[in-house]
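Here is the structure we will look at.
Protein chains: 2
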Amino acid sequence: MNNGRFPISLHILTLLASAEGELLSSDYIAGSININPVLVRKEISNLRNHGLIESKEGKNGGATLAKPAEKIRLSDVYHAVQQASLLGNSKNKPNPDCPVGKQINQHLDHLYREIEGALLHKLEKMSLADFLRQFA
Amino acid sequence: MNNGRFPISLHILTLLASAEGELLSSDYIAGSININPVLVRKEISNLRNHGLIESKEGKNGGATLAKPAEKIRLSDVYHAVQQASLLGNSKNKPNPDCPVGKQINQHLDHLYREIEGALLHKLEKMSLADFLRQFA
DNA sequence: CATTCTGTAATCTACTTTATTACAGTACAA
DNA sequence: TTGTACTGTAATAAAGTAGATTACAGAATG
Chain A
4 MNNGRFPISL
14 HILTLLASAE
24 GELLSSDYIA
34 GSININPVLV
44 RKEISNLRNH
54 GLIESKEGKN
64 GGATLAKPAE
74 KIRLSDVYHA
84 VQQASLLGNS
94 KNKPNPDCPV
104 GKQINQHLDH
114 LYREIEGALL
124 HKLEKMSLAD
134 FLRQFA
Chain B
4 MNNGRFPISL
14 HILTLLASAE
24 GELLSSDYIA
34 GSININPVLV
44 RKEISNLRNH
54 GLIESKEGKN
64 GGATLAKPAE
74 KIRLSDVYHA
84 VQQASLLGNS
94 KNKPNPDCPV
104 GKQINQHLDH
114 LYREIEGALL
124 HKLEKMSLAD
134 FLRQFA
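Here the protein sequences line up with chains A and B, keeping their order. Residue numbering for the first sequence follows this note's numbering, starting at 4 and increasing by one per position. Residue numbering for the second sequence follows this note's numbering, starting at 4 and increasing by one per position.
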């Protein structure tokens with residue numbers, strides 16, 4: 004499932020937002036989150052692919068926001084990170100001979116989409132700038 | 004994290020609701036979900052502890068709903084099953100010397116609670132009977 | 001051209017989930 | 001009253017996943 008990635012990505016973005024255009028190195032970021040720098044670079048790579056971050060290689064390189072923190076919604080972060088469904092993929096293949104088993108995945112999917120919609124609605128309303136503003 | 008349990012529990016409850024008071028055995032249920040019967044019995048045990056299911060031991064034993072499907076909300080299922088936070092527990096201990104790291108878990112927790120609230124709002128409005136009704 | 005970074009792959013370790021095995025206890029029915 | 005069909009639960013094994021680590025090529029800078 005891998006949803007420890009949402010807090011990691013949000014932590015990275017929060018640091019970048021608080022650094023105001025400065026380039027931060029993966030080592031520095033990893034030191035704040037307290038995880039391995041390679042993981043940070045992987046997340047940065049992902050966030051870059053989603054257009055939220057820019058990064059620069061080489062000496063004095065690092066990462067910075069690709070756009071102002073006001074323009075980054077937490078739903079963008081969610082989309083960048085989310086792989087599996089919210090309440091759990093039943094990767095089970097239910098019994099197709101059972102009238103319930105045969106249909107349940109379809110109805111679960113529908114339920115998940117509805118719930119995810121509600122969640123996204125919340126996340127769309129909060130920007131990275133809003134999130135950062137909470138920090139004293 | 005363990006959130007494959009939500010679909011399993013909902014599957015169990017849906018089967019019981021469709022069986023209309025009949026006692027279903029863990030083997031039968033496991034056959035529909037296509038998982039191990041012991042897992043089913045564990046989930047049944049959990050759902051029973053949460054007052055959603057009753058079960059009877061011995062020959063011709065099995066499980067049945069503890070109350071009408073109209074009275075079981077999907078939020079009840081969620082509560083019975085949910086252990087960890089929705090968008091991922093950063094079990095990381097962020098660097099307390101970093102102004103962002105020091106506070107981020109607190110703000111993440113707040114965010115999670117808000118989001119979970121939105122999700123529960125959706126789930127409260129749907130009963131097990133509503134869910135079952137979707138099946139043709 | 002040495003240094004300091006990123007980017008990325010490969011591997012290892014730890015953890016978590018699920019399956020399996022085992023068996024005691026309970027209810028029913030012949 | 002005894003065999004059978006169940007539940008309940010613990011213990012262990014196997015499979016899967018996340019995260020850490022190592023390694024190294026390549027880029028930018030001074």
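Virtual Cβ for every residue (Gly too), placed ideally from N, Cα, C. Computed from a predicted model, the values in this text were never measured in an experiment.
query, result
"With 16 other Cβ atoms within 10 Å as the buried cut-off, status of R116(A)", "exposed"
"Same chain, Cβ closer than 7 Å to I32(A), five either side skipped, listed in chain order", "I15, L18, V43"
"Contact with chain B by E60(A), beta-carbon distance below 8 Å", "no"
"CB contact flag (L122(A), L122(B), <8 Å)", "yes"
"Counterpart residues of L50(A) in DSSP-defined beta bridges", "Paired residue(s): none; L50(A) is not in a bridge."
"Residues of its chain near S28(B), where Cβ-Cβ distance is below 6 Å and the 5 sequence neighbours each way are ignored", "G65"
"E57(A), DSSP secondary structure in three states", "strand"
"Chain B contact for A121(A) (CB, 8 Å cutoff)", "yes"
"With 16 other Cβ atoms within 10 Å as the buried cut-off, status of R136(B)", "exposed"
"Closest residue to I38(A) among N39(B), L126(B), N95(B), L55(B) (Cα-Cα distance)", "N95(B)"
"Unbroken beta strand (DSSP E) run spanning G120(B), endpoints", "Here G120(B) belongs to no beta strand (DSSP E); instead the alpha helix (DSSP H) covers 102-127."
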